[in-house]
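In case it helps, our numbering puts the sequence shown at residues 11 to 336. Contents: one structure, followed by commentary.
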Amino acid sequence: MDYLDRAVAGLTEGATPPSERDLKYAVLHLQAATEVLLKARLIGEHWSLAFRKINDADLEKFKRGDFESCNTDETIDRLSKIAQVEVSTKAREAITKLAKDRNALMHYGHTGSAYVVEARAAQVLDFLLGFINDELRPMLDGEFKKHFHSGWDGKKSLTPAKVYQKLESLELKGVHRELQAVDETMAELRLKLGRIEKLVDKRMKDLAGGLNSVRHRTVHCPDCRQMALVLGEDQGVHEPVACRFCLLEVHNPEVAAIDYIWRVTGEDNGQLNNCPVCKLDSLVLGAVTAEDEHEEIGICFNCNATYEMSTQVGATISNSGEAESK
């Protein structure tokens with residue numbers, strides 16, 4: 011919770027947008043907080059699950075912290091398969107990207123733009139607040155009840171004096187302090203998350219005027235998840251595929267199309283085809299544009315040819331009538 015508090019403070023209490031230094035420590039602290047909180051729930055299931063190789067689990071080594079623990083992806087897999095804790099695909103992607111940002115920062119000393127860090131931090135924080143409330147706080151409640159009821163056989167009456175004595179015990183005082191600290195930090199984090207989301211909303215509103223004219227060729231950005239990735243063909247002038255929110259640029263439209271399917275639609279929902287107009291492998295079937303966020307279409311990330319989805323054929327070109335994608 012301390013790591014989490016420090017991460018959010020770095021994004022909300024300094025300059026707007028945050029300085030490079032604040033961004034650096036926000037990424038480091040947020041990634042550390044995420045890893046520790048996820049593993050706390052895993053350890054709540056059983057301490058051995060924290061070991062990278064479960065066969066090497068040793069209680070004495072665990073108590074000393076003298077072991078190699080599982081990484082973030084392995085932690086999420088075990089939470090899902092063993093503890094039956096659901097982590098959505100969107101949350102997992104944001105957490106995985108955050109871990110990569112942290113690794114890049116440690117090795118190369120960069121964090122990316124302030125906007126993408128803020129947007130990603132908002133996604134991770136939103137997940138963590140629900141995760142703490144649904145998965146970790148009940149563990150503390152259970153710890154409190156366990157200590158409170160230990161020693162009572164059900165036959166002895168709980169007089170006010172005995173209850174007070176129990177509440178004043180070191181074990182219960184420790185758990186109670188932790189519960190209070192979690193609740194206080196959660197309340198502060200909810201307020202600060204609201205500030206980050208407002209910063210994201212404000213930037214999107216500032217960009218709205220420029221995005222209105224390109225709504226037909228604007229899709230979700232794989233990096234920041236904002237509806238601000240503008241495909242590059244504009245009246246015959248080829249530009250890189252670029253996100254106006256986080257400033258991501260991809261100069262190869264085929265790479266941009268693959269990245270979009272991999273990270274936005276998912277391989278089960280999206281499909282990459284050869285475009286009948288420009289002949290590049292940059293036609294994405296199953297994309298959604300700002301023009302209509304409720305309708306999936308086909309769109310070429312190179313020439314912007316658009317296709318109506320059809321059950322009989324893969325898609326039917328709608329803007330030039332020159333070809334059909336089977």
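Here a beta-carbon is modelled for each residue, glycine too, at the ideal position from N, C-alpha and C.
Could you give the DSSP three-state label for residue i: helix, strand or coil?
i, result
"residue 259", "strand"
"residue 284", "coil"
"residue 56", "coil"
"residue 302", "strand"
"residue 224", "coil"
"residue 77", "coil"
"residue 23", "coil"
"residue 334", "Confidence at residue 334 is low in this model, with a pLDDT of 42, below 50, so the placement of that residue should be treated as unreliable; the coordinate-derived value is given next. Three-state DSSP puts residue 334 in a strand."
"residue 323", "The predicted position of residue 323 is uncertain, since its pLDDT is 39 and thus under 50; no value can be drawn from it."
"residue 329", "Caution applies to residue 329, whose pLDDT of 49 falls short of 50 and renders its modelled position unreliable; the model cannot decide the point."
"residue 28", "coil"
"residue 276", "coil"
"residue 11", "coil"
"residue 94", "coil"
"residue 155", "helix"
"residue 289", "coil"
Which one of the options has the shortest CA to CA distance from residue i?
i, options, result
"residue 277", "313, 16, 294", "294"
"residue 24", "209, 142, 155", "209"
"residue 94", "34, 55, 285", "55"
"residue 233", "279, 207, 269", "269"
"residue 152", "62, 189, 43, 170", "189"
"residue 212", "17, 26, 19, 18", "26"
"residue 76", "316, 184, 58, 43", "58"
"residue 249", "266, 53, 235", "266"
"residue 134", "197, 144, 108", "108"
"residue 112", "288, 283, 45, 150", "45"
"residue 20", "187, 61, 132", "132"
"residue 137", "196, 81, 149", "196"
"residue 310", "319, 300, 283", "283"
"residue 240", "272, 299, 65", "299"
"residue 147", "11, 288, 285", "11"
"residue 258", "155, 288, 272, 124", "124"
Based on the DSSP output, what are the partners of residue i in its beta bridges?
i, result
"residue 99", "Looking at the DSSP assignment, residue 99 forms no beta bridge with any residue, so it has no partner."
"residue 316", "309"
"residue 382", "Residue 382 lies beyond the residue range present for the chain, which begins at 11 and ends at 336; the question has no answer from this structure."
"residue 251", "260"
"residue 243", "248"
"residue 294", "282, 309"
"residue 61", "79"
Determine whether the Cβ of residue i lies closer than 8 Å to any Cβ atom of chain C.
i, result
"residue 20", "Reference to chain C is not applicable here, since this structure consists of a single protein chain."
If residue i sits next to residue j, beta carbons under 8 Å apart, how far is it from one beta carbon to the other, in whole angstroms?
i, j, result
"residue 290", "residue 314", "Going by Cβ atoms, the distance from residue 290 to residue 314 rounds to 12 Å, so no, they are not a contact pair."
"residue 220", "residue 254", "7 Å"
"residue 139", "residue 200", "7 Å"
"residue 306", "residue 297", "7 Å"
"residue 129", "residue 256", "7 Å"
"residue 181", "residue 157", "4 Å"
"residue 37", "residue 126", "Not confirmed; about 11 Å, so no contact."
Check your understanding: Touching or not, the segment 91 to 111 and the segment 221 to 230, by the rule of three or more beta carbon pairs under 8 Å?
Key -> no
Check your understanding: Is the segment 71 to 88 touching the segment 46 to 58, taking contact as three or more C-beta pairs under 8 Å?
Key -> yes
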